[in-house]
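Have a look at the structure below before the remarks.
Residue numbers (our numbering): 4 to 163.
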């Protein structure tokens with residue numbers, strides 16, 4: 004059974020989620036045209052909804068999915084486990100925006116980014132919430148809507 008959120012967890016509404024996605028989309032769309040993403044790689048499960056929302060906002064039709072896990076039933080894994088990535092051909096030579104809901108340790112997103120880079124992609128990472136005090140990697144997200152320190156509950160997660 005996953006850990007229960009604390010009483011003071013930040014509970015986002017759909018409207019707040021939409022505003023965060025709008026902020027991210029605006030930031031990414033201000034990039035030079037030569038650095039604009041050619042595809043979005045949403046990290047399942049938490050990044051699926053924000054990834055799809057970003058794809059709509061940015062007019063991006065190529066939405067790919069990576070399946071990675073950093074948490075198990077006890078609430079934590081020693082290392083991020085990459086379960087599934089798109090085929091190398093879908094990534095090779097392309098600019099990919101990796102999307103997830105939150106950057107905590109950063110290990111899951113770092114693992115996904117390394118796999119995409121190994122396939123020949125140029126990657127940028129976008130998250131709704133960045134928790135710099137919890138990051139365990141030297142890499143940081145390229146784009147984030149806001150920072151957070153505590154637990155965030157997204158409306159599509161059913162209250163966790």
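Using N, Cα and C, we set each Cβ at its ideal position, and we do this for glycine too.
Simplified DSSP assignment, three categories, for residue i
i, result
"residue 67", "strand"
"residue 150", "strand"
"residue 34", "coil"
"residue 129", "strand"
Limits of the unbroken alpha helix (DSSP H) element including residue i
i, result
"residue 122", "Note, residue 122: premise wrong, no alpha helix (DSSP H); not H, not E."
"residue 54", "51 to 61"
"residue 92", "91 to 94"
Beta-carbon proximity check, residue i vs residue j, cutoff 8 angstroms
i, j, result
"residue 99", "residue 44", "yes"
"residue 91", "residue 122", "yes"
"residue 36", "residue 63", "no"
"residue 28", "residue 61", "yes"
"residue 104", "residue 50", "yes"
Enclosing beta strand (DSSP E) for residue i [first to last residue]
i, result
"residue 98", "98 to 106"
"residue 85", "84 to 87"
DSSP bridge partner residues for residue i (one or two, in chain order)
i, result
"residue 46", "69"
"residue 15", "Partner(s): none; residue 15 has no beta bridge."
"residue 155", "13"
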